[in-house]
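If you read the sequence shown in the UniProt record's numbering, its first letter stands for residue 1, the second for the next number, and so on. Heads up, the thing below is written out as structure tokens.
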Amino acid sequence: MSETRNGKCLCGAVKVEINLREDNAELHACHCGMCRSWSGSALIGMAVKPDDIRIEGPVRSRASSDWAARDWCDTCGSTLWYRLTVPGHEFYHVSAGLFDNAADLPLTKEIFIDRKPSGYAFAGDHELKTQAEMEAIFASFGKETGQ
């Protein structure tokens with residue numbers, strides 16, 4: 001399975017094309033404090049490898065940690081994606097809200113689950129990871145790259 005989906009920011013200045021494959025045709029939710037502050041809620045999106053995304057338009061970026069950056073439309077400010085920047089582990093967590101047809105994808109993972117507000121509850125059975133579990137994963141990336 002391989003499928004192309006097209007999305008855009010609120011004003012349409014940034015256009016995004018992603019290839020969904022069998023291994024990434026799913027949604028993930030991040031409840032970390034940065035994602036909640038940046039998006040106003042959990043950031044729900046799709047994990048996309050750099051080779052599977054094409055971007056056109058005025059994108060601004062800010063390093064938000066030692067391992068990631070957050071990007072937005074420079075015209076309207078729409079949240080676009082969280083981008084993992086660790087060499088060998090790069091990927092985009094592209095906001096599902098950019099796509100009219102993301103609602104048909106299943107939610108398969110929630111991360112930083114112990115940081116979510118108590119009133120948030122996503123339906124269904126899916127993988128859950130805590131802040132400590134995610135930080136251990138990010139720390140292991142540095143060991144792999146000799147950092």
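Even glycine gets a Cβ: it sits at the ideal position worked out from N, Cα and C. These figures come from a predicted structure and were not determined experimentally.
- Contact between A29 and A42 holds: their C-beta atoms lie close to 4 Å from each other, under 8 Å.
- Taking a cut-off of 8 Å for Cβ pairs, the segment 97-108 and the segment 4-22 touch, as three or more such pairs fall below it.
- Following the DSSP letters along the chain, one finds R83 in no alpha helix (DSSP H) but inside the beta strand (DSSP E) bounded by residues 79-84.
- Measuring C-alpha to C-alpha distances from P58 to each of G77, S118, D66 identifies G77 as the nearest.
- Annotation for K8: V14, K15, V16, L98 place their beta carbon closer than 8 Å to its own, counting only its chain and skipping 5 residues before and after.
- Per DSSP, S64 lies in no beta strand (DSSP E) segment and is marked neither H nor E.
- Burial state of I113 is buried, judged by a 10 Å Cβ sphere holding 16 or more other Cβ atoms.
- Classified as buried, S95 has 16 or more neighbouring CB atoms from the shown chains inside 10 Å of its CB.
- Non-local beta-carbon contacts of W72 in its own chain, meaning distances under 7 Å to residues more than five positions away in sequence, involve R60, S78, T79, L80 in chain order.
- G45 counts as buried, since at least 16 other C-beta atoms from the protein chains shown sit within 10 angstroms of its C-beta.
- Collapsing the DSSP output to three states places F91 in a strand.
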